[in-house]
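First residue of the sequence shown: 1, per UniProt numbering; consecutive thereafter.
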Amino acid sequence: MDATEKDIKEFFSFSGDIQYVEMQRETESTKTAYVTFKNTQGADTAVLLTGSNIANGSVTITPMENYQLPPEVIPSSP
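Structure below.
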């Protein structure tokens, strides 16, 4: 899959407001993108897009309950 972070953001922007995207290459032909939405409704909508195509590759979308945002992304409390 040749999807870029921009491709991922465009694809998922229709599901809801995106807080953060992290991409990791798994193999020569596969990548994993962790997309964090600002609210759960965005994530719930995104799951419905499983089987769609991004950059000529099919995607599987699975909720990740225990994903940890990097500290620099987490808003600080006043």
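For each residue, glycine too, the CB sits at the ideal point set by N, CA and C. Small disclaimer: the values here were computed from a predicted structure and weren't measured.
Pairwise C-alpha distance: residue j and residue i
i           : j     : result
THR62       : VAL47 : 6 Å
residue 113 : ASP2  : Within the shown structure, residues of the chain are numbered from 1 to 78, placing residue 113 beyond reach of any answer.
GLU10       : GLU65 : 23 Å
Close beta carbons around residue i, own chain, < 7 Å, minus the five adjacent residues each side
i     : result
TYR20 : THR36, LEU69, VAL73
GLU5  : VAL21, MET23
CB-CB length for residue i against residue j, believed under 8 Å
i     : j     : result
GLY16 : ASN39 : 6 Å
LYS31 : GLN41 : Between GLN41 and LYS31 the Cβ distance is about 25 Å, and since that is not below 8 Å, they are no contact.
Per DSSP, the bridge partner or partners of residue i
i     : result
MET23 : ALA33
Proximal residues to residue i (C-beta, below 8 Å), its chain only, five neighbours per side dropped
i    : result
SER8 : Residue identity check: residue 8 is Ile in the sequence provided, not Ser. Hits under 8 Å: VAL21, MET23, ALA33, VAL35, ILE54.
Backbone secondary structure at residue i - three-state DSSP
i     : result
GLY51 : coil
GLY57 : strand
ILE18 : strand
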